[in-house]
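Protein chains in written order, with the working numbering: chain H, 1 to 384; chain C, 385 to 669. These notes concern the structure reproduced below.
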Amino acid sequence: MLEKALVGSNKYWAWVFFLLGVITIGGLFYLYQFNYGLGATGMSRDVSWGIYIAQFTFMVGVAAGGVMLVLPYYIHDFKAFGKITILGEFMAIAAVAMCIMFITADLGQPMRIMNVLLHPTPHSMLFWDMLVLNGYLFLNAICGWVILNSHNKGVHYPQWVKPFIYLSIPWAFSIHTVTAFLYCGLPGRHFWLTAILAPRFLASAFAAGPSLLVLISMILKRVAKFDAGEKAFQKLGTIITYAALANFFFLGLEFFVAYYSRVPGHMHTLDYLFWGLDGHNNLVLPMRFSLTIGLIATTMLLFPQIKRNEGTFALSCAMLFLSLWIDKGVGMVLGGFVPNPFDRVTEYYPTVIEIGISLAVWAAGALILTILYKIAISVQAKEA
Amino acid sequence: MDVKRRNFLKIAGLSAAAGLGASSAFTQLFKGDALASEEGHGGETAGHAAPAQGEHKAEDTEFQYGMVIDIPKFAANKGLAEKCIAACHYEHNVPDFGNPKDEIKWIWLDDYEHSFPDASQYKRNAGLNDLPVLLTCNHCANPPCVRACPTQATFKNDHGVVIMDFHRCIGCRFCMAACPYGARSFNWRNPREQYANGNYKFFKHGLNPNYPTRMRGVVEKCNFCPERLAVGKPPACVEATGDTKAMVFGNINDPNSEIAKVLNSNFTIQRNPAAGTKPSVFYII
């Protein structure tokens with residue numbers, strides 16, 4: 001089927017080469033970082049993880065979000081997701097690939113990455129995260145590819161794939177739960193040390209992942225004549241709304257616990273993120289912006305008229321996605337390091353190198369997605 | 385035996401087997417430090433059992449090196465703390481990049497407020513915050529960094545010392561996020577960088593040929609000088625205090641050791657004991 005990615009319009013090739021260009025520039029930045037060390041980034045002794053790990057965490061969520069299509073389609077036999085489920089599975093593949101790239105970009109000694117396999121360490125959550133992420137990549141690759149291949153040949157997919165499909169559903173929950181465990185099991189970081197971190201991660205993932213899929217599907221409708229169908233869009237809208245409501249409800253719980261108990265450790269990071277702490281407030285504006293547009297978008301989605309109009313529906317999805325990206329892809333990870341164990345505030349700003357490498361990873365993800373979607377849509381177009 | 389009953393027994397047997405497997409996986413998952421020291425670090429196999437779980441203390445092992453830092457003695461001996469820091473940083477070739485972003489430190493000074501942010505600062509008595517508090521790795525009996533490390537590059541040796549294997553570390557910095565004491569530093573850039581004349585840029589104290597330098601991309605921290613302990617010498621910082629007794633070092637789990645007696649006869653505090661890590665560095669304030 002791969003050959004289907006090799007024929008396309010001029011616009012398709014322009015897009016592919018644009019992404020390749022971004023990847024090349026980012027690759028050169030990475031070469032510099034590889035030679036100089038991670039000092040090329042804005043990270044420091046106090047804020048020892050930056051946007052690489054933050055983006056990684058967010059992309060795990062996008063990957064897990066694919067299950068919001070797989071579950072209704074395969075378990076509840078929700079037929080309207082018939083065309084779009086494969087896009088969810090392929091989005092998961094691209095997102096997990098991005099996770100692996102972000103982790104690699106963040107390693108001080110990337111050449112030693114195989115030490116994680118050479119010295120398997122069950123008491124480290126990173127070991128489990130590696131297992132579940134690679135497992136999820138494998139499951140989605142198997143399910144997505146085999147099912148699409150069967151479509152291509154005009155036959156029903158083989159029965160042996162079914163267990164893999166069913167397994168991929170709890171597995172999607174596991175990837176984001178284990179990713180939350182990376183953070184919420186650390187004794188010295190109050191902001192992360194909360195049992196609701198995994199549920200928060202999942203809620204935000206199930207809003208952000210499908211939102212991105214809605215936006216991509218709308219683009220595909222225009223550039224590739226791929227119509228997911230109104231019913232699928234509306235159902236996705238409902239899923240996104242409930243997930244977003246759960247997400248902001250959980251965030252509200254964090255606020256209550258911190259500010260009603262008034263335990264300093266619980267308040268400090270929220271202070272830093274939303275009001276500024278000891279005169280440091282570099283994240284206040286983005287975090288307030290994130291909360292505002294997130295709440296507006298969620299409110300908008302509650303109105304059926306807004307959801308039914310393609311323009312306003314796309315706008316609310318875009319606002320929600322941006323809101324959740326700032327919340328998790330920036331604030332969640334950076335906030336955990338502030339204040340540091342000495343009750344001091346060190347601020348972090350990503351460098352140009354760091355942003356360039358991150359953009360390249362996004363471009364690489366987009367390229368994987370483009371190729372996979374090109375194949376999927378060509379197969380479905382042949383069918384129709 | 386009817387079919388139903390046989391099936392039931394089969395399932396029961398299988399679940400029991402799975403349960404056994406799960407319980408051993410559970411122990412594996414949580415025992416942390418003991419496991420980390422078992423594998424691959426020649427000669428440092430841990431003979432002791434996993435620390436008890438479900439309570440806030442690790443099992444008392446036979447041997448746990450620890451340190452008592454007597455703050456008033458440091459206050460009385462101006463410059464002594466700086467001498468300790470210089471001795472340590474020379475001993476271990478700790479680079480000095482000259483900026484806070486790349487900073488690496490194994491032992492350093494801070495004030496009372498920022499050393500013990502969890503202790504009450506409410507109506508603190510005058511002068512308390514002016515005391516020189518020396519901070520370093522706590523060599524916890526229950527170290528979260530060892531639990532977090534995905535490659536066992538950081539592990540507890542059989543003397544309770546939390547050690548780094550610089551050659552195994554992949555530089556993921558999970559241990560830095562896990563440490564509640566900010567004891568860990570990362571080589572953000574190459575510490576071995578040289579000037580054209582061959583001098584090392586960042587070893588301000590000169591190069592100690594008896595201890596390896598590091599490469600970029602790995603984590604490092606205080607290791608209680610196992611290379612000195614092995615030849616019967618005290619850690620470099622302790623040696624630098626001379627006979628002031630400002631630092632007492634030894635096996636805190638041996639009731640006859642000097643440090644055990646000091647701990648027994650003085651009121652000492654630890655940094656953030658609520659984290660349940662059982663720090664082995666104690667402070668006399």
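Backbone N, C-alpha and C fix where the C-beta goes; we use that ideal spot for every residue, glycine too.
Original post:
If the cut is a Cβ gap below 7 Å, which residues of chain A does Phe-127(H) touch?
Top reply: This model lacks chain A altogether; the protein chains it does include are H and C.
**OP:** Could you tell me the distance, in whole angstroms, from the CA atom of Asp-514(C) to the CA atom of Asp-495(C)?
**Re:** 6 Å
Original post:
Which one or two residues does DSSP pair with Glu-604(C) in a beta bridge?
Top reply: Ser-569(C)
Original post:
Can you find a C-beta in chain C that's less than 8 Å from the C-beta of Asp-278(H)?
Top reply: no
Original post:
Closest by CA to Ser-217(H), which one among Gly-88(H), Val-379(H), Lys-11(H) and Ile-23(H)?
Top reply: Gly-88(H)
Original post:
Using a beta-carbon distance cut-off of less than 8 Å, what residues from the stretch 473–487 of chain C approach chain H?
Top reply: Pro-484, Lys-485, Asp-486 and Glu-487
Original post:
Can you find a C-beta in chain C that's less than 8 Å from the C-beta of Trp-49(H)?
Top reply: yes
Original post:
Since Gly-555(C) is in the alpha helix (DSSP H), which residue starts that stretch and which ends it?
Top reply: First-last for Gly-555(C): undefined, no H or E at that position.
Original post:
Hey, how far is the Cα of Phe-348(C) from the Cα of Asp-480(C)?
Top reply: Nothing about residue 348(C) can be read from this structure; chain C reaches only from 385 to 669.
Subject >> Neighbour flag for Arg-262(H) against chain C, beta carbons, 8 Å >> reply: no
Subject >> Assigned secondary structure, His-119(H) (DSSP; H/G/I helix, E/B strand, else coil) >> reply: coil
**OP:** Give me the Cα-Cα distance between Thr-346(H) and Leu-277(H), rounded to the nearest whole angstrom.
**Re:** 10 Å
**OP:** Just tell me which of Asn-10(H), Lys-11(H) and Trp-15(H) has its CA closest to the CA of Ile-368(H).
**Re:** Trp-15(H)
**OP:** Please compile the residues from chain C whose C-beta is within a distance smaller than 8 Å of the C-beta of Gly-37(H).
**Re:** Asn-571, Trp-572, Arg-573, Asn-574, Arg-600 and Gly-601
Original post:
Beta carbon of Val-603(C), beta carbon of Val-452(C): below 8 Å?
Top reply: no
Subject >> Under 8 Å between C-beta atoms of Cys-556(C) and Leu-126(H) >> reply: yes
**OP:** Identify the contact partners of Asp-494(C) in chain H, using a Cβ-Cβ distance below 8 Å as the criterion.
**Re:** Phe-342
Subject >> Inter-residue Cα distance where the pair is Gly-82(H) and Ala-314(H) >> reply: 21 Å
Original post:
Does the Cβ-Cβ distance between Leu-245(H) and Ile-196(H) come in under 8 Å?
Top reply: no
Subject >> Near-chain H residues of the stretch 642–661 of chain C (beta-carbon distance less than 8 Å), N- to C-terminal order >> reply: Asn-656, Ala-659, Gly-660 and Thr-661
Original post:
Terminal residues of the continuous beta strand (DSSP E) containing Trp-492(C)?
Top reply: 491–494
**OP:** Note down the Cα distance separating Phe-337(H) from His-498(C), rounded to an integer number of angstroms.
**Re:** 15 Å
Subject >> C-alpha gap between Asp-271(H) and His-190(H), whole angstroms >> reply: 13 Å
**OP:** Determine the chain C residues that contact Gly-356(H) at a beta-carbon separation under 7 Å, and present them in chain order.
**Re:** Here the premise fails: no neighbours, minimum Cβ distance about 18 Å.
Original post:
Of all the options His-266(H), Leu-359(H), Asp-106(H) and Leu-69(H), which has the alpha carbon lying nearest to the alpha carbon of Gly-209(H)?
Top reply: Leu-69(H)
Original post:
What are the start and end residues of each continuous alpha helix (DSSP H) run of 4 or more residues lying completely inside the stretch 217–297 of chain H, in chain order?
Top reply: 230–261 and 264–274
Subject >> Close-in-space but distant-in-sequence residues of the same chain around Leu-137(H) (CB under 6 Å, 5 per side omitted) >> reply: Val-96
**OP:** Step through the CB atoms of chain C and report whether any lies within less than 8 Å of the CB of Thr-121(H).
**Re:** yes
Original post:
Out of curiosity, what's the CA-to-CA distance linking Lys-457(C) and Glu-642(C)?
Top reply: 17 Å
Subject >> Proximal residues to Gly-237(H) (C-beta, below 7 Å), its chain only, five neighbours per side dropped >> reply: Leu-301, Lys-307 and Phe-313
Original post:
So what does DSSP say about Met-111(H), is it helix, strand or coil?
Top reply: helix
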